[in-house]
Amino acid sequence: MAHKSIKADGAIGREARFQLRSILDRILGEARRAGMTQAALARRANISPEALSRLKESARCDFETIANLADAAGMELTVRVKDDYADRLHAGLLRE
């Protein structure tokens, strides 16, 4: 199964990368608080320390990698629907 990367161009791309960096910073901070090095975090997430370093620089990766890093740091990554989207969907303004 191919994994899609979080990638976008222009303003949306910058925003997505900013959000990914923010999530990654929280994961790295939690790992540090738990006494874990970045190398140990990477290995627990089944990626190389070099891959983690590249991820930090590019802020581009697939969802599974971020979820694995969060899990390795003792965190849970969740996704939720924006309230306004759900309201519009239930009002029949959007297609399912």
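When we follow this note's numbering, the leftmost residue of the sequence shown carries the number 51, and every step to the right adds one.
From the three backbone atoms N, C-alpha and C, an ideal C-beta is built for every residue, glycine too.
In the structure shown, N96 adopts coil according to DSSP, grouped into three states. Ranked by Cα distance from A95, the options A81, T87, L119 and D75 are led by L119.
Cα atoms of S98 and D137: separation of roughly 42 Å, rounded to the nearest angstrom. Judged by beta-carbon spacing, E80 lies beyond the 7 Å limit of A141, meaning their Cβ atoms are not closer than that value.
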